[in-house]
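A.B. asks: The structure follows.
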Amino acid sequence: MAAERLPMRKLREIIRLKLQAGQSGRGIARACGLSPSTVNEYVARIALAGLAWPLPPELDDDAALERLLFPDEGHPVSNRPEPDWRYVHRELQRRHVTKMLLWQEYKEATPGGLQYSQFCDKYLRWAKPLSATMRQAHHAGEKTFIDFSGSGLDVVDPFTGECRKAVLFLAVLGASNLTYAEPVLNQDLPAWIGCHVRACEYFGGTTEIWVPDNPRVGVTKAGKYEPILNRTYEELSAHFGAAVIPARPYRPRDKAKVEVAVQIASRWILAALRNRTFYSLEEMRIAVSELLEKLNGRKMRRLDKSRRELFQEIERAALKPLPPRPFDYAEWSQPKVDLSYHVEHDDHFYSVHFSLIGEKLDLRATETTVEILRRGTRIESYARSYAKGKYTTRKEHMPRAHLDQVEWTPERLTSWASKTGPKTVALLEAIMASKAHPQQGFKACLGILRQAKDYPRERVERAAARALHFGTLNSGSVASILRHNLDQLPLPGDEPQQALPLHENIRGRGYYH
Numbered sequence: 017m018a019a020e021r022l023p024m025r026k027l028r029e030i031i032r033l034k035l036q037a038g039q040s041g042r043g044i045a046r047a048c049g050l051s052p053s054t055v056n057e058y059v060a061r062i063a064l065a066g067l068a069w070p071l072p073p074e075l076d077d078d079a080a081l082e083r084l085l086f087p088d089e090g091h092p093v094s095n096r097p098e099p100d101w102r103y104v105h106r107e108l109q110r111r112h113v114t115k116m117l118l119w120q121e122y123k124e125a126t127p128g129g130l131q132y133s134q135f136c137d138k139y140l141r142w143a144k145p146l147s148a149t150m151r152q153a154h155h156a157g158e159k160t161f162i163d164f165s166g167s168g169l170d171v172v173d174p175f176t177g178e179c180r181k182a183v184l185f186l187a188v189l190g191a192s193n194l195t196y197a198e199p200v201l202n203q204d205l206p207a208w209i210g211c212h213v214r215a216c217e218y219f220g221g222t223t224e225i226w227v228p229d230n231p232r233v234g235v236t237k238a239g240k241y242e243p244i245l246n247r248t249y250e251e252l253s254a255h256f257g258a259a260v261i262p263a264r265p266y267r268p269r270d271k272a273k274v275e276v277a278v279q280i281a282s283r284w285i286l287a288a289l290r291n292r293t294f295y296s297l298e299e300m301r302i303a304v305s306e307l308l309e310k311l312n313g314r315k316m317r318r319l320d321k322s323r324r325e326l327f328q329e330i331e332r333a334a335l336k337p338l339p340p341r342p343f344d345y346a347e348w349s350q351p352k353v354d355l356s357y358h359v360e361h362d363d364h365f366y367s368v369h370f371s372l373i374g375e376k377l378d379l380r381a382t383e384t385t386v387e388i389l390r391r392g393t394r395i396e397s398y399a400r401s402y403a404k405g406k407y408t409t410r411k412e413h414m415p416r417a418h419l420d421q422v423e424w425t426p427e428r429l430t431s432w433a434s435k436t437g438p439k440t441v442a443l444l445e446a447i448m449a450s451k452a453h454p455q456q457g458f459k460a461c462l463g464i465l466r467q468a469k470d471y472p473r474e475r476v477e478r479a480a481a482r483a484l485h486f487g488t489l490n491s492g493s494v495a496s497i498l499r500h501n502l503d504q505l506p507l508p509g510d511e512p513q514q515a516l517p518l519h520e521n522i523r524g525r526g527y528y529h
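Numbering (the numbering used here), first residue to last: 17 to 529.
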């Protein structure tokens, strides 16, 4: 086992792919961006722990799962004797000698030795091959290849004449070449997820593996060895029981199937619709759907069968069934807890315990619910609010100093301020409006109102008017004005006009009559 243990999120994905999806060690290695030997070590621990899918509720806690899988705290799972790799290498140069044959001979001599996948992996690491080419063998029910088309068609706004380009989302089954196509205006996450769901429904099931061409919406970080998937996309694949293995960058053989499908769809769908004008996406979807059925029903020359016929003969029965429940779409983010002990989603703020200030948490938001997780464990759950700029706060999350202010409300503060005067009310309202949350201004408001204990209310009112005039929206400014008697001075522009002095040259009103 490597000195640095995998994150629990990655380990849970290995468990799911092994126990739910039934993936081989190599398939899991490709899906998770790990070496097969590393995956095999973890799979051995999973077997020793006797895990079964689904995991029991008590193992939702990362610490409990960690204790079960790593009771030895880093000691190797086994110390199996290895074969003489020099001998293996020499024997493989002989005609008709295979690794399977050599492994069987090794197992007969060493019954407790390496399993075949470990044998192959360790030999390859010993031999350090310069390169290896993966054969393109697509078995029924194994892979779906996924991509967007580069070109598209215009959707014209009937009122403004503005044109927006719609491209095709394409999904192709590896064995039968049955194709699903759908036009989309946005290549964003909701469109990406929705198209996958509708593609699976169109096929009537799903394959074991999905092979996307590293779109940023689905693959957060592409990489030859360790691609990072979008969390929502990861949840979708788990819902359908599929493993996502993105095409490797700069490896055109990985995505040859879908690139051919893009060419065919461009020729038989996009080109066929080039002279039509579409005024809505739904109108375009109907037209694409009609041509898609013709494409899947057209015979392929070399096989003398259509995609639909091949699908019915060899692939339909091999697909995994659709899950009984619809997918619950959720978006993930990693907000940082701000100084007001809240995290933000969609311009609404949800509280967590004040001790978590400064930490990065995981946030999962569905249409109706917001869940906040810390290290894989849910710590809070809220009904989702769509009120922009507002706060949802729980008393138990507040520090003691803030709890003292809980009973105060903006209405109660302004009602108290009205006993002093309208300028005091206006000042308190301005202070609360200047804060992200009104409660953040309560302390300053209380400080101003309590000045009436030491000064007449008339003076507090004049001080509030002065603070408003100069825009100094804090209790310290009001206290300073009162302390230095600045409330006694007129505000700029409020100086009273002096009466003109009597003078012998000034004539009275009667002079002009």
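Glycine included, every Cβ here is placed at the ideal spot set by N, Cα and C.
Nothing here was measured: the structure is a model prediction, and the numbers come from that model.
Can you give the Cα-Cα distance for Lys321 and Arg283, rounded to whole angstroms?
C.D. replies: Approximately 19 Å between the Cα atoms of the pair.
A.B. asks: Give a yes or no on contact between the segment 361-369 and the segment 400-411, applying the rule of three or more CB pairs nearer than 8 Å.
C.D. replies: Segments in contact, yes.
A.B. asks: For Thr126, which residues in the same chain have their Cβ closer than 7 Å to its Cβ, ignoring the five residues on either side in sequence?
C.D. replies: Result list for Thr126: Pro97, in chain order.
A.B. asks: Any idea which residues DSSP pairs Glu387 with across the strands?
C.D. replies: DSSP, once it has assigned bridges, lists Arg380 and Ser397 as partnering Glu387.
A.B. asks: Using DSSP with H/G/I as helix, E/B as strand and the rest coil, what is Leu169?
C.D. replies: The answer is strand: DSSP assigns Leu169 an E or B state.
A.B. asks: Identify the continuous alpha helix (DSSP H) that holds Pro337 and give its terminal residues.
C.D. replies: Taken as a continuous stretch (DSSP letters only), Pro337 belongs to no alpha helix (DSSP H), as it is neither H nor E.
A.B. asks: What's the call for Trp69, buried or exposed, on a 16-neighbour Cβ count within 10 Å?
C.D. replies: Label assigned to Trp69: exposed.
A.B. asks: Rounded to whole angstroms, what is the Cα-Cα separation between Lys115 and Asp137?
C.D. replies: Distance between the alpha carbons of Lys115 and Asp137: 11 Å.
A.B. asks: Tell me whether Phe486 is buried or exposed, calling it buried when 16 or more other Cβ atoms sit within 10 Å of its Cβ.
C.D. replies: That one is exposed.
A.B. asks: Which runs of the beta strand (DSSP E), 3 residues or longer, sit entirely within the segment 406-488?
C.D. replies: Whole beta strand (DSSP E) segments, 3+ residues: zero.
A.B. asks: So the beta strand (DSSP E) Ser349 belongs to, where does it begin and stop?
C.D. replies: Glu347 to Ser349 is the span of the beta strand (DSSP E), which, as asked, contains Ser349.
A.B. asks: What residues in its chain sit with their C-beta under 8 Å from that of Leu33, if we drop five residues either side in the sequence?
C.D. replies: Hits under 8 Å: Gln39, Gly43, Ile44, Ala47, Cys48 and Ala259.
A.B. asks: Hey, Val304 and Glu198: beta-carbon distance below 8 Å or not?
C.D. replies: Yes. Within cutoff.
A.B. asks: Mind checking which residues open and close the beta strand (DSSP E) that includes Glu198?
C.D. replies: Here the beta strand (DSSP E) through Glu198 covers Thr195 to Val200.
A.B. asks: Considering only DSSP beta bridges, list what Lys321 is partnered with.
C.D. replies: Lys321 is bridged to Met316.
A.B. asks: Just tell me which of Pro339, Lys439 and Phe458 has its CA closest to the CA of Ala483.
C.D. replies: Answer by Cα proximity: Lys439.
A.B. asks: If you run the structure through DSSP and keep just helix, strand and coil, what is Asp76?
C.D. replies: In the structure shown, Asp76 sits in a helix (DSSP, three-state: H, G or I).
A.B. asks: Taking buried to mean at least 16 other C-beta atoms within 10 Å of its own C-beta, is Tyr58 buried or exposed?
C.D. replies: So Tyr58 counts as buried.
A.B. asks: By a C-beta neighbour count over all protein chains shown, 10 Å radius and 16 as the cutoff for buried, is Ala381 buried or exposed?
C.D. replies: Label assigned to Ala381: buried.
A.B. asks: Examine chain C for any beta-carbon lying closer than 8 Å to the beta-carbon of Val188, and answer yes or no.
C.D. replies: Considering every chain present, this structure includes no chain C. It has just one protein chain.
A.B. asks: Less than 8 Å between the CB atoms is what I'm expecting for Leu335 and Gly220, so what's the real figure, rounded?
C.D. replies: Going by Cβ atoms, the distance from Leu335 to Gly220 rounds to 7 Å, so yes, they are a contact pair.
A.B. asks: Return helix, strand or coil for Lys404, following the three-state DSSP convention.
C.D. replies: The answer is coil: DSSP assigns Lys404 none of H, G, I, E or B.
A.B. asks: Under 7 Å Cβ to Cβ from Leu35, same chain only, skipping five residues before and after it: list those, please.
C.D. replies: Contacts found: Leu67, Ala68 and Trp69.
A.B. asks: By the 10 Å Cβ neighbour count, where 16 or more other Cβ atoms means buried, how is Glu224 classified, buried or exposed?
C.D. replies: Buried is the call here.
A.B. asks: So, for Thr408: in the same chain, excluding its five sequence neighbours on each side, which residues have a beta-carbon less than 8 Å away from its beta-carbon?
C.D. replies: For Thr408, where only same-chain residues beyond five positions count, the Cβ hits under 8 Å are His364, Phe365, Tyr366, Ser367, Tyr398 and Ser401.
A.B. asks: Could you check what DSSP says for Thr114 in three-state terms: helix, strand or coil?
C.D. replies: If DSSP states are grouped into helix, strand and coil, Thr114 belongs with coil.
A.B. asks: Between the alpha carbons of Glu74 and Ala346, how many angstroms are there, rounded?
C.D. replies: Going from the Cα of Glu74 to the Cα of Ala346 covers about 24 Å.
A.B. asks: Using 8 Å as the threshold, is the segment 465-473 in touch with the segment 447-454, meaning 3 or more CB pairs across them?
C.D. replies: Counting Cβ pairs under 8 Å, fewer than three are found: no touch.
A.B. asks: What does the Cβ neighbour count give for Leu117, buried or exposed, with the cut at 16 atoms within 10 Å?
C.D. replies: Classification of Leu117: exposed, given that the 10 Å Cβ count is below 16.
A.B. asks: Determine the direct distance from the alpha carbon of His155 to that of Lys315, and round the result to whole angstroms.
C.D. replies: Taking the straight line joining both Cα atoms gives about 20 Å.
A.B. asks: Measure the C-alpha to C-alpha separation of Arg323 and Tyr196 and round it to an integer number of angstroms.
C.D. replies: About 11 Å.
A.B. asks: Only counting the same chain, and skipping five residues up and downstream in sequence, which positions put a Cβ closer than 7 Å to that of Ser349?
C.D. replies: Within the same chain, Ser349 has close Cβ partners His361 and Leu379.
A.B. asks: In this structure, does DSSP put Trp226 in helix, strand or coil?
C.D. replies: Looking at Trp226 - three-state DSSP - the assignment turns out to be strand.
A.B. asks: Measuring only the C-alpha atoms, how far is Leu186 from Ala63?
C.D. replies: Cα-Cα distance, rounded: 38 Å.
A.B. asks: Alpha carbon to alpha carbon, how far is Ile522 from His500?
C.D. replies: Residue confidence is low: Ile522 scores 47 on pLDDT, short of 50, so the model does not pin down where it sits. No coordinate-derived value is stated.
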